[in-house]
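For reference, the structure discussed in these notes is given below.
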Amino acid sequence: MKFTLSCGDAMPGCSARFEEDSRERVLDLVSVHAQEAHGVTDVTPEMLDAIGANIVTI
Ligand SMILES: [Zn+2]
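My numbering applies: residue 2 is where the sequence shown begins, and numbers increase by one.
See below:
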């Protein structure tokens, strides 16, 4: 099973997509991506919860 997330679901216009073996790993990558690509300096647990809701398993 893979956990995938399309950043565009949360950030319209962003084409970044993540696919990892664990949900935690996806969230790690997304938090780094949010900081580097979107200038989000403080990724809160609430944000990660909201982002995590968009993670799809395949
Ligand atoms: Zn993005």
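Idealized CB from N, CA, C, for every residue including glycine. Note that the coordinates shown come from a computational prediction; the quantities given were computed from them, not determined experimentally.
Residue pairing for Val57: DSSP places it in a beta bridge opposite Thr5. Taking Ala51 as the centre and dropping the five residues before and after it, the same chain places the C-beta of Ala11 closer than 8 Å to its C-beta, in chain order.
Annotation for Ala35: the continuous alpha helix (DSSP H) segment containing it runs Arg24 to His39.
By the neighbour-count criterion, in which a residue is buried when 16 or more other Cβ atoms sit within 10 angstroms of its Cβ, Ala35 is buried. Apart from the 5 residues on each side of it in sequence, Glu25 has no Cβ closer than 7 Å to any other Cβ in its chain.
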